[in-house]
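Beneath this line is the structure, given in structure tokens, with notes to follow.
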Amino acid sequence: CGMVHPNVLTACGVDPERYTGFAFGMGVERFAMLRYGINDLRALFENDIRLLRQFA
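Shown next as structure tokens:
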């Protein structure tokens, strides 16, 4: 998350002198962490077949 760059606002036809923007998002990995009680995001990217089989 963070502030939207003024060039992005300009490209969308918004005056960056008048408006600012805040960008945020929540990826699928975060939803999986919340749903399945995974404490460490890295576990989803280590390709440990024992962990991945739990979700197949």
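528 is the number of the first residue of the sequence shown in the working numbering; add one for each residue after it.
We put the CB at the ideal spot given by N, CA and C, even for glycine.
Original post:
Who pairs with glycine 529 in a beta bridge, going by DSSP?
Top reply: Ala550
Original post:
Near tyrosine 546, what residues of its chain come up, given a Cβ to Cβ distance below 7 Å and the 5 sequence neighbours on each side ignored?
Top reply: Leu536
**OP:** To the nearest angstrom, report how far apart glycine 540 and glycine 554 are at their CA atoms.
**Re:** 27 Å
Original post:
Does the distance from the C-beta atom of alanine 550 to that of cysteine 528 stay below 9 Å?
Top reply: yes
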